[in-house]
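**Q**
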Amino acid sequence: MGSGGLELPPGDAGHEGGPADPGEAPPTVILPTGQAAPPGAVQVARPVEIGAELDWGAEAWSEVRTRAQRAGRAYIWLNLVEQRMRAVVAAVLRPVYEPVHGDEWVVAAAGPAGQEWVRRAVAVREVSRRKGYLLDPADDNVLSFLTLPQLRELMVQHWPCFEPYFDDRREVELALDELEVTRNVVSRNRALSPTVLAQAERASARILEILGSGAGVPSADRLPVDAVEDLVGDRYADVVSVHPDRVRLQRQLPAEDLFGGARRLDATGIGLNLLVQNFSGRRMVRLAESGCRIRLLFLNPASSAVKRRERELGIRKGELSRSVEMNILHMRRVRSKLRDPDAFQIHVFDETPRFTAYLVDGDGPDGVGVVQSYLRRARGMEAPVLVLRGGGRTVVRQDTPGRDADHGLFETYREEFESVWLDSRPVS
10 MGSGGLELPP GDAGHEGGPA DPGEAPPTVI LPTGQAAPPG AVQVARPVEI
60 GAELDWGAEA WSEVRTRAQR AGRAYIWLNL VEQRMRAVVA AVLRPVYEPV
110 HGDEWVVAAA GPAGQEWVRR AVAVREVSRR KGYLLDPADD NVLSFLTLPQ
160 LRELMVQHWP CFEPYFDDRR EVELALDELE VTRNVVSRNR ALSPTVLAQA
210 ERASARILEI LGSGAGVPSA DRLPVDAVED LVGDRYADVV SVHPDRVRLQ
260 RQLPAEDLFG GARRLDATGI GLNLLVQNFS GRRMVRLAES GCRIRLLFLN
310 PASSAVKRRE RELGIRKGEL SRSVEMNILH MRRVRSKLRD PDAFQIHVFD
360 ETPRFTAYLV DGDGPDGVGV VQSYLRRARG MEAPVLVLRG GGRTVVRQDT
410 PGRDADHGLF ETYREEFESV WLDSRPVS
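Here the sequence shown stands for residues 10 to 437, numbered as in our numbering.
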């Protein structure tokens, strides 16, 4: 008996309590954990491979990338808001405090209530100076080391100074409150849900609009400039979005949002169904009466190109030509209701159709284009869609050495439209 009344396992041969004959010694048996060992067997745990549980599979990597993408989008919005807030605070408060307090104007503006966090910002600035973290002289000031909540506090404390520029203090504070959850999540690298990200983007866009940094173009609501697109949109020329088919396009950009309020509308294609079948005749009349100049370029329903297209799609002879003819007749009825028919021009062309394009306000800085290439076996509804932004939008990396100054896709399709329009025939 061992200590505590427990029976010890058998010992080696020749030891007390062990078998005298080595052949009678029980073998050492290694069993999986949880299985009962036979009498005389010694159970030993299986060795564990160190680090095996640290591997990430495809699902884990996909989740990590999704988190990083959401956090990156949120960070760009937060960065834009913070920079704009810093510029506004400096523009309003610097002329008030700098003449008296000089470089210490931020400390003076914070007052007794903000002495602690301003002094902390001063200390961080000094440490950054000593360690060489300040690479841009523009950041060598106390204001650059204040966080978004501290910038907000300066604005709230001195609201009488900001009131002449902004209508509603409560609106500014509510929008900034909505950003706090996102700011905390991003700063700690936690998961950001799609709902919170969408809320942060809406709040950021609202704050930037309140602070006077909107796009300043009439159609900003038609296709708002996304923060990520605004920074890195030149990676993809002027392509704003790509959709696998027209159904998904219309979920994101309905015909009313695309064509409503247009000053100019140029469209070319086989039947122009996106416009004719999704934008009512009454709306088109009101659009033309409000001053919009419209040019529609259809494929001639009597041309051989229509017959070839019918064979490609495998539809009955004459089916496509009748559909195009009906669309043209509908547009003629719309044109007949206008006081100025010259504002609504309809032409047909006989060439092989290569694409369909809807160019809205293509002569201004806020142009939008929707372009589809014709595929041999797919109807227009099923073809991929490119959404383009016109107007020669300025992007961040425009001065990169070696970059060509070529225009984007919008201008390419606009020139192609003008070329086909010159060779087309008017419809009476």
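Yeah, the Cβ is synthetic: ideal placement off N, Cα and C, and Gly gets one too.
Which term fits Leu-188, buried or exposed, when burial requires 16 or more other beta carbons within 10 angstroms of its beta carbon?
**A** Classification of Leu-188: buried, given that the 10 Å Cβ count is 16 or more.
**Q** Any idea if Asn-336 is buried or exposed, counting beta-carbon neighbours within 10 angstroms, 16 or more meaning buried?
**A** Under this definition Asn-336 is a buried residue.
**Q** Give me, in chain order, the residues of the same chain whose beta-carbon lies closer than 6 Å to that of Ser-213; leave out the 5 immediate sequence neighbours on both sides.
**A** If we look at Ser-213 and ignore the five residues flanking it on each side, its Cβ neighbours are Trp-86 and Val-90.
**Q** Spatial neighbours of Val-429 within its chain, please: C-beta separation below 8 Å, excluding the five flanking residues on both sides.
**A** Thr-277, Leu-306, Phe-358 and Glu-360, listed in sequence order.
**Q** Could you give the residue range of the beta strand (DSSP E) that holds Tyr-367?
**A** Per DSSP, Tyr-367 belongs to the beta strand (DSSP E) from 364-369.
**Q** Would you mind reading off the limits of the alpha helix (DSSP H) that contains Ser-153?
**A** Careful: Ser-153 lies outside any alpha helix (DSSP H) and carries neither H nor E.
**Q** So is Arg-412 buried or exposed if we call it buried at 16+ other beta carbons inside 10 Å?
**A** Confidence at Arg-412 is low in this model, with a pLDDT of 45, below 50, so the placement of that residue should be treated as unreliable; the coordinate-derived value is given next. Under this definition Arg-412 is an exposed residue.
**Q** Under 6 Å Cβ to Cβ from Asp-254, same chain only, skipping five residues before and after it: list those, please.
**A** Contacts found: Glu-391.
**Q** Any idea what DSSP makes of Leu-384, helix, strand or coil?
**A** Leu-384 falls in the coil class under three-state DSSP.
**Q** Roughly how many angstroms lie between the CA atoms of Glu-425 and Gly-417, to the nearest whole one?
**A** Computed Cα separation, rounded: 13 Å.
**Q** Less than 7 Å between C-beta atoms, sequence neighbours within five positions excluded: which residues of the same chain meet that for Glu-162?
**A** Closer than 7 Å at the Cβ level, and outside the excluded window around Glu-162, lie Gly-123.
**Q** Relative to the C-alpha of Ser-382, which residue among Val-127, Val-394 and Gln-208 is closest?
**A** Per the Cα distances, Val-394.
**Q** Count the C-beta pairs between the segment 258-272 and the segment 320-329 that are closer than 8 Å, then say yes if the count reaches three, no if not.
**A** The segment 258-272 vs the segment 320-329: no contact.
**Q** Nearest-angstrom Cα distance between Ala-184 and Thr-204?
**A** Roughly 16 Å separates the two Cα atoms.
**Q** Tell me whether the beta-carbon of Asp-247 lies closer than 8 Å to the beta-carbon of Leu-397.
**A** It is a contact, given that the beta carbons lie within the stated cut-off.
**Q** Would you kindly check if the distance between the Cβ of Val-98 and the Cβ of Leu-157 is under 8 Å?
**A** No, Cβ-Cβ distance for Leu-157 and Val-98 is not below 8 Å.
**Q** With which residues is Gly-123 paired in a DSSP beta bridge?
**A** Gly-123 is not bridged to any residue.
**Q** Residues in the same chain with beta-carbon distance under 6 Å from Arg-344, minus the five sequence neighbours each way, listed in chain order, please.
**A** Pro-350 and Phe-353, listed in sequence order.
**Q** Would you mind sorting Leu-329 into buried or exposed? The rule is 16 or more other CB atoms within 10 Å of its CB.
**A** With 16 or more Cβ atoms within 10 Å of its Cβ, Leu-329 is classed as buried.
**Q** Sort out for me which residues DSSP pairs Phe-307 with in a bridge.
**A** DSSP, once it has assigned bridges, lists Gly-278 and Val-357 as partnering Phe-307.
**Q** Give the single residue among Ser-196, Asp-176, Gly-111 and Glu-180 whose Cα lies nearest to the Cα of Ala-77.
**A** When each option's Cα is compared against that of Ala-77, the closest is Ser-196.
**Q** Which whole-angstrom value is the C-beta distance of Ala-366 and Tyr-422, which I expect to be below 8 Å?
**A** Going by Cβ atoms, the distance from Ala-366 to Tyr-422 rounds to 5 Å, so yes, they are a contact pair.
**Q** State the DSSP-derived secondary structure class of Leu-267, mapped to helix, strand or coil.
**A** Leu-267: helix per DSSP, three-state reduction.
**Q** Label Gly-23 either buried or exposed according to how many other C-beta atoms from any shown protein chain fall within 10 Å of its C-beta, with 16 as the threshold for buried.
**A** Model confidence at Gly-23 stands at a pLDDT of 48, short of 50, so the residue's coordinates are unreliable; what they give is reported in the following sentence. Under this definition Gly-23 is an exposed residue.
**Q** For the putative contact between Val-181 and Val-151, defined by C-beta atoms under 8 Å, what is the C-beta separation to the nearest angstrom?
**A** In fact, because the Cβ distance is near 22 Å, the residues do not count as touching under 8 Å.
**Q** Which residues does DSSP pair with Asp-273 in a beta bridge?
**A** The sequence given here places Arg at residue 273; Asp does not occur at that position. Arg-273 is bridged to Arg-302.
**Q** How close, in whole Å, do the beta carbons of Pro-435 and His-339 come, if the pair is a contact with beta carbons under 8 Å?
**A** At roughly 17 Å, the Cβ-Cβ gap does not stay under 8 Å, so Pro-435 and His-339 are not in contact.
**Q** Between which two residues does the alpha helix (DSSP H) harbouring Ser-345 extend?
**A** Ser-345 -> alpha helix (DSSP H) spans 328-345.
**Q** Could you tell me if Glu-420 is buried or exposed, where buried requires 16 or more neighbouring beta carbons within 10 angstroms of its beta carbon?
**A** Glu-420 should be labelled buried.
**Q** Buried or exposed for Gly-11, going by 16 or more other Cβ atoms inside 10 Å?
**A** Any reading at Gly-11 must be qualified, since the residue scores a pLDDT of 49, below 50, and its modelled position is unreliable; no value is offered.
**Q** Apart from the five residues just before and just after Lys-326, which ones in its own chain have a Cβ nearer than 8 Å to its Cβ?
**A** Counting only Cβ-Cβ distances below 8 Å, and skipping sequence neighbours, we find Lys-316 and Glu-319.
**Q** My understanding is that Pro-146 touches Ile-279, with C-beta atoms under 8 Å, so please give their C-beta distance in whole angstroms.
**A** Wrong, their Cβ atoms sit about 59 Å apart, outside the cutoff.
**Q** Going by DSSP, what residue range makes up the alpha helix (DSSP H) through His-110?
**A** Looking at the DSSP string, the run of the alpha helix (DSSP H) that includes His-110 is 67-110.
**Q** Which residue or residues does DSSP assign as beta-bridge partners of Leu-395?
**A** Beta-bridge pairing links Leu-395 to Val-251 and Val-380.
**Q** Around the Cβ of Gly-290, are there at least 16 other Cβ atoms within 10 angstroms (buried) or fewer (exposed)?
**A** So Gly-290 counts as exposed.
**Q** Helix, strand or coil for Arg-320 per DSSP?
**A** Arg-320: helix per DSSP, three-state reduction.
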